Amino acid sequence: MKKNTEILEIENMIFVRGGKYKSLFLNKEREVCDLEVCKYPITQNMWIEIMGNNPSYHIGGRKPVEQISWWDALEFCNEMSKKCHLEPVYNITYDNFDNPILKINQIGGKAVEVNKADFKKTEGFRLPTEIEWEWFARGGEVAKEQGNFDYDYSGSDNIDEVAWYWGNSKEGTQDVGMKKANQLGLYDCSGNVWEWCFKTGDRYMLKGGSFYDFNEFCLVNNRDRDTTPNRKEGNIGFRIVRTV
């Protein structure tokens, strides 16, 4: 498998060991596979490098890219995969009314419907599921071993240590990586911009809160699920992962 190591280095992918996790919204424990997770939300510089434009309202190369729909995030993941010579995860076609139809490419097999997909059998970059997002935002096995897996926010019980939110950033997004990282070395999981997660049920999910939100919206276990895949706002971005 060929990889463009220059782009992978730019994207700051961090290895996150998998494990067993039970979220508040689940009735049973789930297995999270090993992942590579981007150290930051995708920045405007990263987006421009892959997509060649900048849709953001709050301009700044090190700031998170925003005004990104769920479909935009999927398109970025596929383009990023192609640049790195990895098989894209998302197979997107269109019907006669120009409505997107999504399937998931499985390694060594055909594209399957979303509800039949096994993300362990994907190669390229993708959005995390909500369970995966909570796992790495909480610090995964590292945090479990340290005994601090249940922080309210990603990396701390003190929101000002780890997040840009209404109380310290009313003007807009901020450069990524300026606050304290969580136990895995991941930044800005709480605050700055909401992060799209992959739709595994009947809802499209945003996690993490943003610069424009109060404390409770930035809690790791908070979820914004009353949204649509075409939603674009100046406080919505995303982070990429890859199955390893």
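If you're matching positions, the sequence shown starts at 9 in our numbering and goes up one per residue.
We put the CB at the ideal spot given by N, CA and C, even for glycine.
These numbers were taken from a predicted model, which means no experiment stands behind them.
Taking a cut-off of 8 Å for Cβ pairs, the region 189-198 and the region 84-98 do not touch, as fewer than three such pairs fall below it. Inter-residue distance for Leu214 and Asp183 is about 20 Å (C-alpha atoms, whole angstroms).
Asn86 carries a helical assignment under DSSP once its states are collapsed to helix, strand and coil. Contact holds between the region 236-252 and the region 41-50, because three or more Cβ pairs, one in each stretch, are under 8 Å apart. Note that the region 184-193 does not touch the region 107-123; fewer than 3 beta-carbon pairs, one per stretch, sit closer than 8 Å. Here Met59 carries a helix assignment [DSSP, helix/strand/coil]. DSSP places Gly245 within a strand segment (E or B) once states are collapsed to three. Counted as a single uninterrupted DSSP element, the beta strand (DSSP E) harbouring Glu121 occupies residues 119-121. DSSP, read as helix, strand or coil, puts Glu95 in coil. When DSSP reads this structure, Met213 sits in a beta bridge with Cys205. Pairwise C-beta distances place the region 89-106 in contact with the region 131-147, as three or more of them are shorter than 8 Å.
In the three-state scheme derived from DSSP, where H, G and I count as helix and E and B as strand, Glu44 is classed as strand. A direct Cα-to-Cα measurement between Gly26 and Asp160 gives close to 21 Å. For Ser164, the beta-bridge partners assigned by DSSP are Tyr161.
In the three-state reduction of the DSSP assignment, Asp232 falls in the strand class. Met186 sits in coil when the DSSP states are folded into three classes, being neither helix nor strand.
Secondary structure at Arg146: helix, using DSSP grouped into helix, strand and coil. Less than 8 Å divides the Cβ of Asn99 from the Cβ of Ile112. With the rule of 3 Cβ pairs closer than 8 Å, the region 160-175 does not count as touching the region 234-248.
Proximity to Arg247 across Ile109, Asn223, Thr51 peaks at Thr51, based on C-alpha coordinates.
Residue environment for Gly155: exposed (fewer than 16 other C-beta atoms within 10 angstroms of its C-beta).
Between the alpha carbons of Pro49 and Asp106 lies a distance of about 30 Å. When the beta-carbon positions are compared, Gly217 and Asn230 come within less than 8 Å of each other.
In this structure, DSSP gives Glu74 a state outside helix and strand, which the three-state scheme calls coil. Straight-line spacing of the CA atoms in Val24 and Phe144 works out to 7 Å. With 16 or more other Cβ atoms from the protein chains shown falling within 10 Å of its own Cβ, Leu192 counts as buried.
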